[in-house]
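Comments concern the structure below.
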Amino acid sequence: MPIIVHHLENSRSQRILWMLEELELPYEVKRYERNPRTMLAPPELKQVHPLGKSPVIQDGDTVVAETGAIVEYLVEKADGRLGPPPHRDAILRYRFYLHYAEGSLMPPLLVKLVLGRVPVFGKAAQKRIQPMIDNHLGFVERELAGRDWFVGDGLTAADIMMSFPLEAARQRAGLDASRPNTIAWLDRIHARPAYARALERGGPYAYA
Numbered sequence: 001m002p003i004i005v006h007h008l009e010n011s012r013s014q015r016i017l018w019m020l021e022e023l024e025l026p027y028e029v030k031r032y033e034r035n036p037r038t039m040l041a042p043p044e045l046k047q048v049h050p051l052g053k054s055p056v057i058q059d060g061d062t063v064v065a066e067t068g069a070i071v072e073y074l075v076e077k078a079d080g081r082l083g084p085p086p087h088r089d090a091i092l093r094y095r096f097y098l099h100y101a102e103g104s105l106m107p108p109l110l111v112k113l114v115l116g117r118v119p120v121f122g123k124a125a126q127k128r129i130q131p132m133i134d135n136h137l138g139f140v141e142r143e144l145a146g147r148d149w150f151v152g153d154g155l156t157a158a159d160i161m162m163s164f165p166l167e168a169a170r171q172r173a174g175l176d177a178s179r180p181n182t183i184a185w186l187d188r189i190h191a192r193p194a195y196a197r198a199l200e201r202g203g204p205y206a207y208a
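FYI, full-length UniProt numbering numbers position 179 of the sequence shown as 179, with every residue one higher than the one before it.
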């Protein structure tokens, strides 16, 4: 039985499609469109999970929400593929990025997006948020110096988790050619055949 991915356009759920393609696990996509006025998820998602958010997956009778939890579930289902290399330092680094992506890097990017929709005050407040984002982008750039991936010698779920905030930062928060290590990493993930297949399955995605 294939996994069902409840996929919201231009959202974190694109990472789950990509991960499933990398793992070559069978899945189906149920697409949802954002409200064009509010950009929020439609109420139908609450029929799948009480929070009404995406991504959510259904694997038989099991429903899993939250990107990080889904990623860990899929690593376990795939017998550890895309998990950390078997070394303590790598495991700690992997665990850090799995949580850092949503716990530290994404919040200021989301605040910047929301403030951008607030007339006058929002634009002024954005100037106070950007230094926080720049600090994170500088950290990531240094972390990618001399390495192709965030953990070990190959792609892991840590890279998949980091993709959405860094794609969003490139789109709207100042990530540009001045940070060549990060741009090279984005180009590297975008060149993966599994990433391209996920875009075909998920439909238009503003951050690719």
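Each residue gets a CB set at the ideal place from its N, CA and C atoms; glycine is no exception.
- Per DSSP, the unbroken beta strand (DSSP E) holding K30 starts and ends at 27 to 32.
- DSSP places H7 in the strand class (E or B) of the three-state scheme.
- As summarised for the UniProt domain "GST C-terminal" (87 to 208), the continuous alpha helix (DSSP H) elements at least 4 residues long and confined to that stretch are 88 to 100, 106 to 115, 121 to 143, 157 to 172, 180 to 190, 193 to 202, given in chain order.
- One Cα belongs to E21, the other to P36, and the distance between them is close to 29 Å.
- Here the alpha carbons of L175 and I183 stand approximately 8 Å from one another.
- With fewer than three CB-CB distances shorter than 8 Å, the region 121 to 134 does not count as touching the region 65 to 76.
- In the displayed model, A78 falls within coil according to three-state DSSP, outside both helix and strand.
- When the beta-carbon positions are compared, Y97 and M19 stay at least 8 Å from each other.
- Counting other Cβ atoms within 10 Å of its Cβ, G152 reaches 16 or more and is therefore classed as buried.
- Contact annotation, P42 with E33: C-beta distance approximately 7 Å; criterion of less than 8 Å satisfied.
- Taking the C-beta atoms as reference points, P50 is found no nearer than 8 Å to L109.
- Residue environment: K127 is assigned as exposed (fewer than 16 neighbouring CB atoms within 10 Å of its CB, all protein chains considered).
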